[in-house]
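Number of protein chains: 2
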Amino acid sequence: MAGWRAYIEASQRLFTQLEDDLRADSGLSFADYHVLVLLSEAPGQRLRMGELADRLVFSPSRLTYQISSMRRRGLVARESCPADRRGNEAVLTAAGLLALREAAPGHLASVRRHLMDDLDDVEVATLTRVFARLGRRLRADRDASSTHSD
Amino acid sequence: MAGWRAYIEASQRLFTQLEDDLRADSGLSFADYHVLVLLSEAPGQRLRMGELADRLVFSPSRLTYQISSMRRRGLVARESCPADRRGNEAVLTAAGLLALREAAPGHLASVRRHLMDDLDDVEVATLTRVFARLGRRLRADRDASSTHSD
DNA sequence: TAGCACTACTTAAAATTTCAACAACTATCG
DNA sequence: CGATAGTTGTTGAAATTTTAAGTAGTGCTA
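Quick mapping for you: the protein sequence lines, in order, are chains A and B. So our numbering is basically just the index in the first sequence, starting at one, shifted up by 2. So our numbering is basically just the index in the second sequence, starting at one, shifted up by 2.
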């Protein structure tokens, strides 16, 4: 249980530190950055709102707010989905891609400096394995509990 | 870098899940719970606002808000610090201690179920070591940067 | 022992996030 | 078809969190 508390505290400090660094040298928030990364990797550089919310672990309304803000700043655009007219897609703009490219090197350096440099190879491998497995399980749990009898 | 993203996503899901469980079976938020734990372990079951904010990784004003809310609900009290009259202490109340005792078993079970059950002993040891070290380093970095030339 | 810089915390206003409806569309069933 | 239920996502209000600006008290120093 001591480990559990160390995990919470260190994670909190880490996220705070990374967000501060990122904001200072690119003007992007952590959330902005992650949206840009996910869109840049998606086919057509576009994703449905629901899909994006799920990957970011954001509530739908939080994502709506996040995307409107990024849209005002020209980082993304919105298009309604041709196949399913209830749906909306967030689309990466040229300005968004540029912002990501400018922010990435500094952010990666910051991740390396605050986190990776502290870890040896075995630790990195363990963390990667553990959190990948945990993520899968938590996703599965959630799917099960929403599909079930609620 | 894949590990890094798995870590963020899984942590987010984990915290969300634990908060939901905790809220559902005790009415406490994650923040409430942590305040109660820290106070219950402190000598005299009381802590200075600054000390508490630091351990929770909360901004000062966020802690002021958090404590006022807990005070309205009778979970903590406030006393001004005799030694330093700028200071204030948050003090655990009997009701606060009771709330913690009622919430703890369920919360621990939830941590076990969502996190610990997924890990073997070596992994737990690694995570504990890694995050303890990381927390120390991030604390040290922050102290260094605030003491320095600003 | 008055002045000045700093510390500890609070407050008010702005930004963000959640929560509880809602609107629009799709899919299924009779 | 036409009603009904379920999806997708948005909106408005309330709750929370941040940011910037206080307020009060401490402590050094001259």
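Backbone N, C-alpha and C fix where the C-beta goes; we use that ideal spot for every residue, glycine too.
By the Cβ test, the region 97-107 of chain B is not in contact with the region 105-121 of chain A, since fewer than three Cβ pairs between them sit closer than 8 angstroms. With respect to chain B, the C-beta atom of A/G108 has no partner C-beta closer than 8 angstroms.
In the DSSP assignment, B/S82 falls outside any alpha helix (DSSP H) and within the unbroken beta strand (DSSP E) covering V78 to S82. In this structure A/Q68 touches A/F60 by the C-beta definition: roughly 7 angstroms separates them, less than 8 angstroms.
Segment contact: the region 118-137 of chain A against the region 119-134 of chain B, three or more CB-CB distances shorter than 8 angstroms; contact assigned. A/A12 and A/V37 have their C-alpha atoms roughly 24 angstroms apart. Nearest CB-CB separation between A/V37 and chain B: not below the 8 angstroms threshold.
Bounds of the alpha helix (DSSP H) holding A/A101 are A96 to H116.
Just measuring C-alpha positions, the residue of A/L16, A/V39 and A/A142 sitting nearest A/G98 is A/V39. Cα atoms of A/R74 and A/L136: separation of roughly 36 angstroms, rounded to the nearest angstrom. Here the alpha carbons of B/F32 and B/E21 stand approximately 5 angstroms from one another. Within chain A, no residue has its CB atom less than 9 angstroms from the CB of B/L94, the nearest being about 18 angstroms off.
DSSP lists A/R48 and A/A79 as the beta-bridge partner residues of A/V93. When 9 angstroms is used as the limit between beta carbons, B/T128 is near these residues of chain A: V124, E125, T128, L129 and V132, in chain order.
Close CB contacts of B/R80 within its chain, under the 8 angstroms cut and outside five residues either way in sequence, are with I69, R73, N90, E91, A92 and V93 (chain order).
The beta carbon of A/D120 sits closer than 8 angstroms to some beta carbon of chain B. Annotation: A/L41 to A/D27 spans about 21 angstroms, alpha carbon to alpha carbon. At a cut-off of 8 angstroms between beta-carbon atoms, B/Y9 makes contact with chain A. Comparing alpha-carbon positions, the option among A/D56, A/S63 and A/L121 lying closest to A/L140 turns out to be A/D56. Boundaries of the alpha helix (DSSP H) harbouring A/L38: F32 to E43, taken from the DSSP string. Of the candidates A/H109, A/G52, A/L24 and A/D23, the residue whose Cα lies closest to the Cα of A/C83 is A/G52.
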